[in-house]
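Numbering of the sequence shown is given in the working numbering, commencing with residue 1348 and proceeding in unit increments. All residues carry an ideal CB built from backbone N, CA and C; glycine is no exception.
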Amino acid sequence: MSSHQDKITYESLLEGNKIWVAETLKADPTFFDELSAGQAPPILWIGCSDSRVPANQITNTMPGDIFVHRNIANVVTHTDMNLLSVLDYSVNVLKVKHIIVCGHYGCGGVNAALGTKQVGLIDNWLRNIKDVYRTHEREMGTIKDPARRSDRLVELNAIEGANNVMNTSIVQNAWASGQELAVHAWVYSLKTGLIKDMEVSASSADGLPDVFKMETE
Ligand code: CO
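Structural data, given as structure tokens:
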């Protein structure tokens, strides 16, 4: 760990906040007046909790631009009330136009899911990623290099996360009502800072597997 993190204290965060406010107001004196009036972010971001993958910084965006949900290994599972609440609110109230599931190479959660070691309670959470592996067992079985196995499972986990978003009644009802909404899967590289678009975007239910297609009103 770098010495930069050693210097971070409870007090330094509050000090940093004051500096940020001063610099922000210098650049735009009405910044907080406008933001405090309400939010209308066009993007919902579902990402990993990893401290190195902050949605705003890596996309050069500002407060107010992205509605964010993060959990360990950007898992999208249909029994997660937290995620479903964020999804419902962002689609039906905020009317976001894009939902991005963003994984990242070198994800500790994905690597743990590739292994057999017990970590603790989180094993049950990471079990969702083992299901992604099982869904793509044939492809994963052909990859022998450990680093490439990890990278590919990161990609497949982001793709399956986006698929799980598309399969929800929330997104399918939005599509059926003609709402403009696209779902994407991305993967961020910690080594280069660059994002790879997995190009599996969908903006209608047409491509969904039949078993996930729902009758909509
Ligand atoms: Co991660």
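Task: For VAL1547, the three-state DSSP class (helix, strand or coil) - done: Coil, per DSSP.
- [ ] Just mark ILE1506 as buried or exposed, buried being the case when its beta carbon has 16 or more other beta carbons within 10 Å.
- [x] buried
Open item on the list: Quick check on DSSP: helix, strand or coil for ARG1417?
Closed with: strand
- [ ] Examine ligand 1 and report whether any of its heavy atoms sits within less than 7 Å of the Cβ of GLY1462.
- [x] Remark: the shortest separation between the CB of GLY1462 and any heavy atom of ligand 1 does not fall under 7 Å.
Task: Alpha carbon of PHE1559 to alpha carbon of LEU1503, nearest angstrom - done: Each residue's alpha carbon lies about 18 Å from the other.
Open item on the list: Report the start-end ranges of each alpha helix (DSSP H) in the stretch 1439–1494 that is 4 residues or longer and not cut off at the edges.
Closed with: If we require 4 residues or more, the alpha helix (DSSP H) runs fully inside the stretch 1439–1494 come out as 1455–1461, 1469–1482 and 1484–1489.
Task: Any heavy atom of ligand 1 within less than 6 Å of residue CB: hits in chain order - done: CYS1395, ASP1397, ALA1420, HIS1451, CYS1454, GLY1455 and GLY1456
Open item on the list: Quick check on the burial criterion: 16 or more other C-beta atoms within 10 angstroms. Buried or exposed for VAL1440?
Closed with: exposed
- [ ] Keeping to the same chain, check which residues put their C-beta closer than 7 Å to that of LEU1372; ignore five residues upstream and five downstream.
- [x] PHE1378
Open item on the list: With distance defined between alpha-carbon atoms, name the residue in ASP1553, ASP1435 and CYS1454 nearest to VAL1422.
Closed with: CYS1454
- [ ] Mind listing, in chain order, the continuous alpha helix (DSSP H) runs of no fewer than 4 residues lying wholly within the stretch 1355–1404?
- [x] 1357–1374 and 1378–1383
TODO: Just the C-alpha distance for VAL1438 and ASP1412, rounded to the nearest angstrom, thanks.
DONE: 15 Å
Open item on the list: If you follow the beta strand (DSSP E) that VAL1534 is in, where does it begin and where does it stop?
Closed with: 1529–1535
- [ ] Taking ASN1520 as part of the alpha helix (DSSP H), name the residues at either end of that continuous run.
- [x] 1516–1523
Task: First and last residue of the uninterrupted alpha helix (DSSP H) at ASP1353 - done: In the DSSP annotation of this structure, the continuous segment of the alpha helix (DSSP H) that includes ASP1353 starts and ends at 1350–1353.
Open item on the list: For TRP1533 and THR1539, I'd like the C-alpha separation in whole angstroms.
Closed with: 14 Å
Task: Those residues which DSSP pairs with ILE1542 across a bridge - done: DSSP output for ILE1542 lists TYR1535 as bridge partner(s).
TODO: Report the residue from GLY1488, VAL1512 and GLU1484 whose alpha carbon sits nearest the alpha carbon of LEU1431.
DONE: VAL1512
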